[in-house]
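S.K.: This is the structure, below, for whatever I ask next.
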Amino acid sequence: MTNIYTPQQQRVLLITSLIIIAGFIIFGLSGYISAFLGAGILYVVFRPWFTALAIKRNWNKSLVTTLLIIFSVVVIIMPFLTLSLLLIDRIQYYSQHTEDILNLAKKAEELTGYQITSQANIQNLLRQGGSYASRLLPSLAGGALDFIVILGLMFFTMYFMFVQQEGFQKGLQKYLPFKRDTQKELGESLKNNVNANVIGQALVSLVQGVLTGATLWIFGVPDAIFWGTVAFFMAFIPVLGTPLVWGPAGLIQLSQGNTSQGIGILVVGVVVIINIDNLLRIMLAKRMGDIHPLVTLAGIVLGVPIFGILGLVVGPLLLSYFIVLIQVFERQNKSQEKEVALAEQKVDVDAQQKK
3 MTNIYTPQQQ RVLLITSLII IAGFIIFGLS GYISAFLGAG ILYVVFRPWF TALAIKRNWN
63 KSLVTTLLII FSVVVIIMPF LTLSLLLIDR IQYYSQHTED ILNLAKKAEE LTGYQITSQA
123 NIQNLLRQGG SYASRLLPSL AGGALDFIVI LGLMFFTMYF MFVQQEGFQK GLQKYLPFKR
183 DTQKELGESL KNNVNANVIG QALVSLVQGV LTGATLWIFG VPDAIFWGTV AFFMAFIPVL
243 GTPLVWGPAG LIQLSQGNTS QGIGILVVGV VVIINIDNLL RIMLAKRMGD IHPLVTLAGI
303 VLGVPIFGIL GLVVGPLLLS YFIVLIQVFE RQNKSQEKEV ALAEQKVDVD AQQKK
């Protein structure tokens with residue numbers, strides 16, 4: 003029995019069917035997209051370790067992958083979750099006890115001579131900030147099941163990406179719509195961007211958070227651990243970052259008459275914390291790739307509303323990769339234009355020779 007569709011129509015219908023089914027799959031997994039992104043990031047981060055142990059030393063792949071999962075839980079997930087829960091707890095406390103923030107705002111107004119905003123607006127902003135932060139950060143009380151499912155799906159995906167690494171890589175090479183040289187370039191770019199945005203940025207943020215918390219503790223600022231945690235997350239934001247933490251802290255100390263403490267916080271912030279940020283970024287940029295601050299800032303604005311706190315990393319990563327794809331597309335277009343121009347020249351030469 004003959005088919006009613008022509009080969010061209012069959013191809014169009016096949017592509018349309020694939021797009022529709024893929025749309026349903028993406029829509030169904032949209033709530034867990036962070037798990038797959040997290041698995042991909044961990045795969046890039048731990049791949050050198052996996053290669054050194056499983057490939058070069060011939061360790062069992064399943065054992066090595068299991069050890070990497072345990073390591074990531076103990077060293078990455080648990081500290082990050084602890085910091086997030088600590089931050090949520092303190093933000094919720096300040097959103098419910100607004101008198102502390104109102105007193106700080108009043109002292110800042112007395113110091114500067116300008117009215118910042120009304121007390122009602124400050125209370126409303128604090129409540130909104132507490133609610134927003136609770137949505138962004140992982141909360142065991144509010145979404146324990148979703149959080150566990152996302153972690154399980156992330157490590158499950160990461161496990162098979164490593165154990166079946168050859169098939170995974172061959173599948174990417176087969177189905178990605180790029181030439182082999184372009185795929186290698188994209189893979190190298192992905193590695194550099196992940197290292198710069200994950201390892202490099204996390205290391206810089208950790209150092210700045212610890213320095214900020216220690217500085218505030220030394221100069222007698224209450225809740226120094228909490229503000230150090232805030233500084234860790236704020237350090238992901240270029241330019242602004244930790245000055246939004248230690249700057250107001252120093253000004254508040256000055257407004258309370260603690261001149262030496264206030265000056266000490268501001269001096270340490272300007273001389274040490276800001277410069278250690280610049281120094282570390284310069285050192286890491288040579289080894290892990292240099293990401294423009296504007297790309298990082300725009301990526302955070304893009305990623306946080308979509309992916310929550312993971313957007314601090316995923317947002318700049320996606321934006322950086324988008325820029326790389328545009329550059330590849332531009333270079334391929336130029337290459338094709340040169341090939342067309344050479345072909346036209348060859349045709350003209352052949353035509354002249356025939357004459």
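Numbering (the working numbering), first residue to last: 3 to 357.
Virtual Cβ for every residue (Gly too), placed ideally from N, Cα, C.
Keep in mind that this is a model prediction, so the values were computed, not measured.
(1) Roughly how far, in whole angstroms, is the beta-carbon of PHE309 from the beta-carbon of VAL303, given that I think they are within contact range, below 8 angstroms?
(2) Whole angstroms is fine: what's the gap from GLN167's alpha carbon to LEU246's?
(3) Just the Cα atoms here: how many angstroms apart are GLU190 and ASN197?
(4) In three-state DSSP terms, what is SER337?
(5) Measure the alpha-carbon distance for ASN213 versus GLY230 and round it to whole angstroms.
(6) For ASP183, does the count of other Cβ atoms within 10 angstroms reach 16, so buried, or fall short, so exposed?
(7) Note down, in chain order, each residue of its chain lying with its Cβ closer than 7 angstroms to the Cβ of PHE238, except the 5 sequence neighbours on either side.
(8) I think GLU297 touches ILE328, with their Cβ atoms under 8 angstroms apart; what is that distance to the nearest whole Å?
(9) Just to confirm the assignment: which complete alpha helix (DSSP H) runs, minimum length 4, are found wholly within the stretch 207–262?
(10) Just to confirm my understanding: we take ALA226, look at its own chain, exclude 5 residues before and 5 after, and list those with CB closer than 6 angstroms. What are they?
(11) Cβ of GLY259 versus every heavy atom of the ligand ADP: is any distance shorter than 7 angstroms?
(12) Going by CA-CA distance only, name the one from ILE276, TRP51, ILE6 and LEU88 that's closest to VAL209.
(13) Any beta carbon from chain D within less than 8 angstroms of SER19's own beta carbon?
(14) Assuming ILE71 contacts MET163 under a Cβ cut-off of 8 angstroms, what Cβ separation, rounded to an integer in Å, is found between them?
(15) Taking the straight line between their C-alpha atoms, what separation do you get for SER36 and VAL66?
(16) Could you check what DSSP says for LYS181 in three-state terms: helix, strand or coil?
(17) In this structure, does DSSP put TYR1 in helix, strand or coil?
(18) Suppose you measure from the CA of LEU192 to the CA of ARG333; what does that come to, to the nearest Å?
(19) With distances taken from CA atoms, which of ALA233, ALA56 and PHE48 is nearest ILE358?
(20) Let me know the secondary structure DSSP gives THR67 once reduced to three states.
(21) Report the rounded CA-to-CA distance for ILE57 versus THR261, giving the unit in angstroms.
(22) Should SER74 and LEU44 be called a contact, given that it needs their Cβ atoms to be closer than 8 angstroms?
(23) Out of GLY266, LEU281, GLY33 and LEU188, state which residue places its alpha-carbon closest to the alpha-carbon of LEU320.
(24) How many angstroms separate the CA atom of GLY259 from the CA atom of LEU253?
(25) Tell me which same chain residues have a C-beta within less than 8 angstroms of the C-beta of ILE79, skipping the five on either side of it?
(26) Determine the DSSP secondary structure at ARG49, reduced to helix, strand or coil.
(27) Report the three-state DSSP secondary structure of ILE308 (helix, strand or coil).
(28) Who are the near neighbours of LEU268 in its chain, counting only those whose CB is closer than 6 angstroms to its CB and skipping five residues on each side?
(29) Does the beta-carbon of ASP279 have 16 or more other beta-carbons within 10 angstroms, so that it is buried, or is it exposed?
(30) Whose C-beta lies closer than 6 angstroms to the C-beta of LEU256 among residues of the same chain, with five residues either side of it excluded?
(31) If contacts are defined as beta-carbon pairs under 8 angstroms, then MET156 and GLY40 qualify, I think. What distance do you get, rounded to the angstrom?
M.R.: For this structure:
(1) Incorrect: roughly 12 angstroms between the Cβ atoms, too far for contact.
(2) 43 angstroms
(3) 11 angstroms
(4) Note: SER337 maps to helix in three-state DSSP.
(5) According to the sequence shown, residue 213 is Leu rather than Asn. Their Cα atoms are separated by approximately 8 angstroms.
(6) exposed
(7) GLN203, SER207, ILE302 and LEU314
(8) In the sequence under discussion, the amino acid at residue 297 is Val, which differs from the Glu named in the question. Your pair VAL297 and ILE328 does not check out as a contact, with CB atoms roughly 12 angstroms apart and the cut at 8 angstroms.
(9) 226–236 and 245–257
(10) GLY215, LEU218 and TRP219
(11) Because no ligand of any kind appears in the structure shown, any question about the ligand ADP cannot be addressed here.
(12) ILE276
(13) Reference to chain D is not applicable here, since this structure consists of a single protein chain.
(14) Contact annotation, ILE71 with MET163: C-beta distance approximately 11 angstroms; criterion of less than 8 angstroms not satisfied.
(15) Each residue's alpha carbon lies about 24 angstroms from the other.
(16) coil
(17) Residue coverage of the chain in this structure runs from 3 to 357, which leaves residue 1 outside it and unanswerable.
(18) 18 angstroms
(19) An answer regarding residue 358 cannot be provided, because it is not within the stretch 3 to 357 covered by the chain.
(20) helix
(21) 60 angstroms
(22) yes
(23) LEU188
(24) 10 angstroms
(25) LEU153
(26) Residue state, collapsed to three classes: helix.
(27) helix
(28) GLY252
(29) ASP279 comes out buried.
(30) Correct list, in chain order: GLY264.
(31) 4 angstroms
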